Structure formats: C-alpha cells, structure tokens
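Residue numbers (my numbering), protein chains in the order written: chain A, 1 to 499; chain B, 1 to 499.
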C-alpha cells in the first residue's frame, strides 16, 4: 500500500490534517483494512519529507476517532472500529470498491470538532427553541394549506423564488431605504446558500477574497473549496479593520464578505464611520461587498438621538450585495434566506440557483411569508429581543464576575461573544477540561483564516437560558483561573503543564 | 468635517464621480447635514491635489441631484433634499455601477428558450397538477404540524437529512435490493441538487465526463460550469450506446451520468444486457456511475415472466451512485430528493451539502415522509400510472396518425418522447410556426452535448391531458407536412424556404 497523500503546504489546512484526511479516506475506501499496519511515523515522515511530529499528529487524530490503534512497541494498526458492526457484512462489497480516494475531490474543510453531549453548550449560533412560537407558526401553515393556491405551490416554480415573497421582501427593503431601483432579489435556502451562489457568481480559482478573521467557518470553507486565496482581515471591537481591508484591496482582492453587525464569531459591530469608509474603499478599488446581515435585527440597543441606528452598508452604497435570512430571528429548520443586490449580480446568481436546485422549497416560502405578513413574525421578534436582553445581562454580569483575566466585549445583540484567554492559555487544550466540567464551546482555531486564533474562543449564548449562561461562565471562569495558576507551576515544572 | 475621499486615479470611474459619490455618501450617512457648508472648490482642490474643475464637476453633479445648493458669493451648502426622495439618491447610483461584467463569472449555460403562453405546451418535463392529491397531502401536513416533534423540525438539523426520512428511504432501498450495507444516504433539494453535489464531489476542472447526448440541459450546464470536458454518448432506442461509452472510458472519462429508464429528453430505456455491460465497463475502467433514477417509478409496463422489471444499475453494482426524488411522482414544488451511494461518496457529498445550504428544509422532509408512510403516496402513484396509460395511448395513436414522416419510439412510461424530423427540417425554425399554430415544444438543440441535434425535438406529455396530446400532435403533424411540402418547393425556389 503506497501512501501518496499529495499534500499542499500552501493550504490553509495544516499538513497533519491533510494527511489524516487522506489516511481516513484510505480506510473508508477499504484500501487500508482492519489489521493493516501503518508505516512508523519516522519512516513515513522521511518518505513524505515531513517533520515527524506532523505524522504523529495525524496518527493521533485518527486514533482519537478510533480509526487506528497504537500498540506500544508494535506501531499503529487500522482498527476494526471504523468498519465495525454492520460493516463487517460489507467485506465482499468493500473488496470491490472503486478507489474512491482517487475519484473524490479533496476536502479542504477541517472537520468541525464534535460537540459534547449533556453539557451547557455554547457551541451553536442558533436561536433558542424554547422561544419558538409553535402555535402561531402552525396557524400560518394551516392558513396557507387551506388556501386555493396549493396547486401552484406544489408545482414547479421559478428559480428566483415565490413571487409574493420576493415582492414582500423587496418592498420592505425599499421602505427601509436599503433596496434601490437597480436592485433585484433572489430567494435562497437560507444565508448559507446565498453565500454559495455568490461565491460561484464572483470567485474564480486563485481570486483573492477578503473576509473577517476570525470568521464563521461555513463561510471560510466555502471559499476555500472554490480555490480562492483568502485574506483574513483582523476583527477588533469595532469589527473588521479598514486599514487591513485597504491593504487587501491594494493586494488585488476584488471581493470582501463582511458582517457589520454582531459578527460571527466575535459579536463585534462596526461603527458608522467605518461603514462609510469601507464602502468608499471598495468603490475606489472596484471591488464588490457582500454584506451578511443576518444578525442586525437581533439588536437590543435602543437607538436614541446620540446613537442613531447604524446604517446597513447597502444603504450607503447601491453596489453592496445584501444577505438576509429568517433563520436567526425565526426558525433555522425552515430554510429560507435571500440576496438583494444589483440586477446583473442577481441575474447570474439566479442562473446558478437553477443549476444548484431549481428553486427553494415552495411551502416554506409561503409559510414564512404568511408568518411575516400576519404580524406574527414581528410579535415573535419582540419576544426574542425581550429574552435577549435578559441573556445579555446574564452574560455581562458573569463575564465581569468570572472572566476578569480574559478580554471580552459585551455585544448589544446577536448570538455570539468572543473571549480572549489570558496569555499562554490555549482554547483547544482548555476545551477538554471544559467538557469534563460540564460546558462546551468552540475554540478560536476553528474560526481562523490567516491567524491562529488559538487564544480565543466563541461563546454562543442565544440558545441558552440566562441561568445556563451564568452557570456556564462560572465554570469557564474557574477553569481559566486554575489553568492560569498551573501555567505558573508549569513554568517551573514542565511535566505538570496541560495547556 | 474632514474630507478624505480616498480617490483612485487608476479607476474606470472619473475622479469627479468618485468625489461626488464620496460626498453623496457623507450626506446620506448624516456626516454632512442639511445646512453644512462644503469647502470652496479651490480650497478642496488644493487639499486633495486635484484640478479645480474636477471638484466643480463633482459639486455640479451633486447639485443636479438636489443634494447640495450653490449660492452666489456664499459657496455650496448641503440641501435637505438628499435624505428625502429615495428616487433622487438612485440616480447617482445608477450612474456609478461597478463593472459587474468584469467581476462576475461567465455564464456557460445557453439560456432556455422562453415558452409561449396560452398554447398546448409540450415544453415541461413535470407532472400534471390536475392529478395532485391536494386533500391527501394536506392531511399529511396537518398530521405533521400537530405532532409534538415540531420544535425539533423548526430547529437546525443535520446536513445528511431528517433522520426518520433517511431511515425510511434507506430501508426501502435495502428491501428493493438496491442499497447495500456499505451504502449511506444524503437528502438533497430534489435531484438537481444531488447532481450538483456529486459534481462538486467528483469533478475537477478539465476532467472528462461522459453523459447521454441529447441530455437534460440542467445536467449538461452544471458540468459545463465546473469546467469539465463533456463527452456526449449517443442515445438510441436502447438508450446510451455502450460502445461509445467504452470509447469515452478509453479516452479517460472517469465518470458517467446515465438515466437508464425513460431518459430525458429521449424517453429511451436501456435493456438489461446493456445495463450489465456498462456496469462492467465502468468497473474495469475504475470509473464512477451516477444513475439518475427519477423516472423509473413512472413505468406503465406490466412486468411479466418474459420481461421482468429492469434492474437498476445500483442493484447490479454496489459502486453505483443512485439518485431519487419525489418530484416526478409527487410534487416538484416540494424540493426533496436523495443520493444513495458508497459511504466515502456520501461523506464527501454531505460535507459539501453543509457548505451548500446546511441541510434540506425540515418541514418538507417530514411532510413527504408522512405522505409516503401513510400509504397516500402509493395510492397517488397508482392514480398517476392509470392516467399515464391513457396519455401513452393518446401519444401512440396520434404519432401513428400524424407523424408518419418522423421517427419516434413510444416509451412505456416517463414524461418525454423524442421526435426525429424528416430530413432537411430544423426544429428551431419549425418552433416559431408551431407557437403561432398553438403548440410549443423544446428543439433538440437545447439538449445537445457533442452533436447538433437540430433535427430532433422533445415532447413532454406528462403534464397534459390526453385530449391536449391528441390536438397538439395533430397540429405538429400538419406543420411538418406543410414544411416537407415547402422543402420540395424550396429546392426549386430558394426564396420561399423557411426552414
């Protein structure tokens, strides 16, 4: 069995991960079987021109997933676990498998760390289902199902979306001063598909794309898959750094994706002058802006005369491509989002939408439209914001009480907050302890674009109750304090260090 | 108020326009307010290192749009108008569009010819909505909506699909001998998305991909967009030509997409021995097969001992990747399809599904599952097949009576039939006359891969009533006869030729 992983040192994905993905695939495809011995790390490292620790790290990752087993003095073997149980019956089929590892396109997305079960989980940027207005939504569904329109809803529709929903959203955007006469709209399966269609519309392999760093991994991975060269723009308390963005434009980036309000994962919001600045910069550079606006409606700030509501970038510049969704305010399981942007962009994205899946599900479009038009969505939103204020209060109090060694900035809305750990602590190492102690979060590394982000972590609080937030942050704080203490000890006695 | 427009002399946009956009934006964002005085042109020009006429031109533009007002001897002031009428703001935006034609990726898909309204339309390969069992489907929806499961359905789900639906479909496929233990399933937004995800999983730019010729354009265009080199395999009465497929494998194709039953657009079905042959050929070549199986359940043939039901390719070879959908048997507007295939393929496609749109809409998955489990889908299918037999009879009688100059092969099911025109006639030219005469169809050219297909056309009959099929084909037949007659005349007098 020859091991030829074809590693890419220029990739964002660390080499050990590329190697482990490759080996994983060999095991899955049956090219490596239960009982097969893997080459010793030293040997494989020599063969591939890698550092031995890279190979060891790859083996460790596979061992964590139960795919291989190390035996002292004997080396590493493919374990039965991967193919176990039902899979044994497979053997005959396995025998005749095509070499899928050669046929499949390589994965560039580092796998998401699995969330721990049964703990207070800060891992998911999603709404609390305790707040779902199930009766009200059901009522909207029943009204749609009883309408004489059902025949048309069940029949094939238009790639651009369900016309009444398109009109409703576009009218609303015009009333908000966000959509202009040169704009059009495309309905998508949530914001994720909006990003995917725009990627296909605007990015060629090798193109430079600027995005916040850290950033939502579903966005980063999407652009990585398309062969784009990512330029991570640091995010501070005021969101994306305009100076670094200008450098990215100077370096040739012609697209930036930005979440100006309650960015995921940092929770940061850009002030008005930065918003104006990046629109000017993009225009001068001839670059497109994708404005990911899925969190701004979750703002608990009460605009007053001193701090008026922050304008969407789309309001400042008609060239901006605006993404919206019902998933964060209403229901993530009902997949409806949209793109509002200049007509040529929407025309191209709509063409690609037709190729991607013909059109978004009709029933969901009609249900959500009715839910919005009936006023039930607005009532739900008010209810969500009321609950959010309590959560933010719990967040602020707990951070003050328990995370005094860390850096953080309480957002005035959204779903996420970024915690900077004290110097020397590492969010990945800390996570194992956190899971044991009854909480879970996602380490900063998972959101990294061009920088390591190892000393940060994301807490997604919107899905939790205030009491859970308090208890979770109390646990996190005590873990951090202990780790900070041990860090001192570790400096004297390396054996004790665990971070 | 500092004015720092960050002008770009290298831009396509003239400097005065860049400046006016910048100032416009300051006004829109409230940084410059009604009554604020702009710097004198001479002063601003000096400050920015511009020619004074550039600044004057920018001010004039703003004045034209009512955003500023010049007063003799006093300078220019921001007027109130800028923040009012939305249409005013528009005007400039229209003027300053980004050069989208340079930023957007090029379209490779020839646009679909628009269908004529108010005619007997053979243009759409979709079910008849007259047959939709709306009451029965509504009943299933209501049962799902009343279930205690609603909270989970409205929350974020799994990229692989709604677990009960996955299990139902996989169990059914196992019972049919189609899925094996090494297989897994992914729920998609209909079959179109299944194709898209498999394209991303299996095709790199420049890869050779074999497909039927003619073929459904949504399939061809998808692979064209990915930069694949398409090899069209001629389709005859017995479907795809195995000899040509072998040549494609010899030429380096490692993927073939095939619709063995009731192919779109030809309606052709592969006999059993061809099915066995292409599985063997693909295996020997180390190539993957995607089996597009969305029409086989629409078979009106009654299998008997002499002609048993034709096996799916997936039953013959576990490596085959099988695509299914509810869209052709039930409702195209509810977007649910699936992929059943070897685990490594499903793993990669699922990863891409998450990047594409997180997961398929939950409600639709639950509705269709309930519709199937309650037995309502099977009852509907029986009803559809009963109606289909009548349509096929109408098709056969009409083709015999009116298309005796053409070639055709009545399928035993599906939705489409291919009509070969008499020599010298062209389906594109004939279409204009057909629309005037009250019918519409799609010309063969629209389905072409490597061959012109100009002398063929597709009739999609499933959405029409038997009476419409008879009347439509009668009209088509008389047009063809007239054209054949004129063709003779044209040979003598070129001026009269219209095809």
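Glycine is no exception: its CB is placed at the ideal position from the N, C-alpha and C atoms. The structure displayed is predicted, hence computed values, not measured ones.
Between the C-alpha atoms of residue 435(A) and residue 67(A) there is a straight-line separation of about 22 Å. Neighbourhood of residue 362(A) in chain B, by CB distance below 7 Å: 333 and 334, in chain order. For the pair residue 477(A) and residue 459(A), the CB atoms are not nearer than the 9 Å cut-off.
Residue state for residue 384(B) is assigned as helix, using DSSP reduced to three classes. Listed in chain order, the positions of the stretch 13-43 of chain B with a beta carbon within less than 9 Å of a beta carbon of chain A are 13, 18, 21, 22, 25, 26, 28, 29, 30 and 31. Residue 312(A) places its beta carbon less than 9 Å from that of residue 178(A). When the beta-carbon positions are compared, residue 6(A) and residue 22(A) come within less than 9 Å of each other. The Cβ of residue 250(B) sits no closer than 9 Å to any Cβ of chain A.
For residue 465(B), no beta strand (DSSP E) segment is defined, and its DSSP state is neither H nor E.
Counting only runs of at least 3 residues, the stretch 262-325 of chain A fully encloses the following beta strand (DSSP E) elements, listed from N- to C-terminal order: 288-292 and 321-325. CA-to-CA, the gap between residue 149(B) and residue 362(B) works out to about 11 Å.
For residue 338(B), there is no enclosing alpha helix (DSSP H); the residue is part of the beta strand (DSSP E) that begins and ends at 337-342. 167(A) is the residue among 261(A), 167(A) and 381(A) whose C-alpha sits nearest the C-alpha of residue 365(A).
The secondary-structure analysis by DSSP pairs residue 418(B) across a beta bridge with 458(B). Residues of chain B whose Cβ lies closer than 7 Å to the Cβ of residue 100(A) are, in chain order, 342, 344 and 345.
Nearest C-alpha to residue 469(A) among 27(A), 122(A), 113(A) and 266(A): 122(A). Against residue 387(A), chain B offers no close residue; the least beta-carbon distance is about 16 Å (beta-carbon pairs closer than 7 Å). Taking residue 142(B) as reference, the option from 349(B), 53(B) and 367(B) with the minimal CA-CA separation is 367(B). Annotation: the continuous alpha helix (DSSP H) that includes residue 57(B) extends over 52-64. Around the beta-carbon of residue 97(A), 16 or more other beta-carbon atoms lie within 10 Å, marking it buried. Within 10 angstroms of the beta-carbon of residue 99(B) lie fewer than 16 other beta-carbons, which makes it exposed. Taking C-beta atoms under 8 Å as the contact rule, residue 104(A) and residue 201(B) qualify, at a distance of about 6 Å. For residue 196(A), the nearest beta carbon of chain B is closer than 9 Å to its own beta carbon.
Residues 55 of the same chain have their beta carbon placed closer than 6 Å to that of residue 44(A), with the five preceding and five following residues left out of the count. Not one beta carbon of chain A lies nearer than 9 Å to the beta carbon of residue 171(B). Within the DSSP secondary-structure output, residue 69(B) pairs in a beta bridge with 77(B). DSSP, reduced to helix, strand and coil, places residue 350(A) within a helical segment of the structure shown. Remark: C-beta atoms of residue 266(B) and residue 124(B) do not approach each other more closely than 9 Å. For residue 208(A), the closest C-alpha among the options 182(A), 288(A) and 186(A) is that of 288(A). For the stretch 258-285 of chain A, the set of positions with a beta-carbon nearer than 9 Å to some beta-carbon of chain B reads 272, 273, 275, 276, 277, 279, 280, 281, 282, 283, 284 and 285 in chain order.
A Cβ-Cβ distance of about 17 Å is found for the pair residue 262(A) and residue 456(A), leaving them out of contact under the 8 Å criterion. Taking the Cα of residue 40(B) as reference, the smallest distance to any Cα among 72(B), 24(B) and 64(B) is reached at 72(B).
Looking from the CA of residue 431(A), the closest CA among 181(A), 373(A), 479(A) and 170(A) belongs to 479(A).
Taking 9 Å as the threshold, the shortest C-beta distance from residue 314(B) to chain A does not fall below it.
Proximity of the stretch 439-457 of chain A to the stretch 14-32 of chain B falls short of the contact definition, fewer than three beta-carbon pairs being nearer than 8 Å. For residue 208(A), the enclosing beta strand (DSSP E) has its first and last residue at 208-213.
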